[in-house]
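*Asks:* If you count the sequence shown from 1, position 84 lands on 113 in my numbering, and the numbers rise without skipping.
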Amino acid sequence: MECFTVLSKEIEERIDPHFYYRPTFRKIENSLKKSIIKLLGNIASFQYGLGETAKKRGDVVYIRITDIDEFGNLKKDSLAYLDFVPKYKNYILGKGDVLVARTGATFGKSFYFDENLKSVFAGYLIRIKLNNDAKLNSKYLFYFMQTTAYWLQELCVN
């Protein structure tokens, strides 16, 4: 049986108490304490998708949550379409947009749009569009949304 002592202050100030003796974590933690933290809601806009019935053919790709695999890739073998009408203009995806599932078993699943397809998105998805002055790369945001840290937060709110 092993016995050891730990100062409670050492654990309470750690993000991950299993590694509290590593100097690298101290440097990161001290750096974070000096940083300005902004909420995503202050540097991005959010938009619910369209509630339309998908078709097999059309002018514009209609991205649904079922078109995104577990790694955040677009499944191009089963894409759905819509006939474009002017009201869809505000739903056209641009490079760098991030989509995230807003409900159900796929809550939190995300997709980074970097396609050369004229596309709009479905209602169970939310588009996250970073403001021009956000100082956050949308691809970085997407990659963060694939991490354990993100999914642990997702489990806490779902």
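Where is the CB? At the ideal position from N, CA and C, for every residue including glycine.
Using the three-state DSSP reduction, which class does K63 fall into: helix, strand or coil?
*Replies:* K63: helix per DSSP, three-state reduction.
*Asks:* With 16 as the cutoff for other CB atoms within 10 Å, does L69 come out buried or exposed?
*Replies:* Classification of L69: exposed, given that the 10 Å Cβ count is below 16.
*Asks:* For I94, which residues does DSSP report across the bridge?
*Replies:* I94 is not bridged to any residue.
*Asks:* With a Cβ-Cβ cutoff of 9 angstroms, do G110 and Y91 count as a contact?
*Replies:* Note that residue 110 corresponds to Tyr in the displayed sequence, not to Gly. Cβ distance < 9 angstroms, so Y110 and Y91 count as in contact.
*Asks:* Using CA atoms only, rank isn't needed, just tell me which of I65, V149, D143 is closest to K124.
*Replies:* Nearest C-alpha to K124: D143.
*Asks:* Enumerate in chain order the residues of its own chain whose CB-to-CB distance from R131 is below 8 angstroms, with the five nearest sequence positions on each side excluded.
*Replies:* The residues are Y77, Y153, L154, I155.
*Asks:* Keeping to the same chain, check which residues put their C-beta closer than 8 angstroms to that of F171; ignore five residues upstream and five downstream.
*Replies:* So the qualifying residues of the chain are G101, V127, S139, F140, Y141.
*Asks:* To the nearest angstrom, report how far apart K84 and R93 are at their CA atoms.
*Replies:* Taking the straight line from one Cα to the other gives about 12 angstroms.
*Asks:* Smallest Cα separation from F136: which of K116, Q175, K56, A163?
*Replies:* Among K116, Q175, K56, A163, the Cα nearest to that of F136 is on Q175.
*Asks:* Going by DSSP, name the residue or residues bridged to F140.
*Replies:* Bridge partners of F140: L128.
*Asks:* Going by beta carbon distance, what residues of the same chain come within less than 6 angstroms of Y117, once the five residues before and after it are set aside?
*Replies:* V149, listed in sequence order.
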